[in-house]
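The opening residue of the sequence shown carries number 74 in the numbering used here; numbering runs sequentially from there.
Ideal placement from N, C-alpha and C gives every residue a C-beta, glycine not left out.
Everything below concerns the one structure shown next.
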Amino acid sequence: MFLFAYDGSVNGDWVSHYAVQLAAVHQEHRLNLVYVRDGRANDTELKGKLGRLAHECGRQEVELLFHLLPRARSVSDAIHEFIPAGSDSYLICGTRARE
74 MFLFAYDGSV
84 NGDWVSHYAV
94 QLAAVHQEHR
104 LNLVYVRDGR
114 ANDTELKGKL
124 GRLAHECGRQ
134 EVELLFHLLP
144 RARSVSDAIH
154 EFIPAGSDSY
164 LICGTRARE
């Protein structure tokens, strides 16, 4: 299972291309996008970015599943709690901007 931790940043947009390419060559042809709501992203802008990512997945014949998570203790905790246990889960991520 491929999971892509997306934060809505320009870096995340860049990493998303690699995530789609990896999912395209995997036997499942599926990408699980994990986004943790932290209040930083503009919903309209995020919707546009996710739409472009969905379009790219469609061109690559990759099924895109959205998982929009509420913030837990931290973004990393929310993502970690979401990832299924086992050795067949792969997390693709960039890094959130640091203040």
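Please classify residue i as buried or exposed, where buried requires at least 16 neighbouring CB atoms within 10 angstroms.
i, result
"Val15", "There is simply no residue 15 to check, as the chain begins at 74 and stops at 172 in what is shown."
"Lys120", "exposed"
"Val98", "exposed"
"Asp80", "buried"
"Tyr91", "exposed"
"Leu126", "buried"
"Gly159", "exposed"
"Leu138", "exposed"
"Gly124", "exposed"
"Gly112", "exposed"
Under the three-state reduction of DSSP, which class applies to residue i: helix, strand or coil?
i, result
"Val98", "helix"
"Ala78", "strand"
"Val88", "helix"
"Glu154", "helix"
"Arg125", "helix"
"Arg132", "helix"
Can you give the beta carbon distance from residue i to residue j, rounded, assuming they're within the 8 Å contact cut?
i, j, result
"Asn105", "Leu76", "5 Å"
"Ala96", "Val135", "5 Å"
Which same chain residues end up closer than 8 Å to residue i when comparing Cβ atoms and leaving out the 5 residues on each side of it in sequence?
i, result
"Met74", "Glu101, Arg103, Asn105, Pro157, Asp161, Ser162, Tyr163"
"Pro143", "Val109, Arg110, Ala151"
"Gln94", "Gln133"
Looking only at its own chain, which residues have a Cβ that is under 6 Å from the Cβ of residue i, when we skip the five neighbours before and after it?
i, result
"Ala114", "Gly81"
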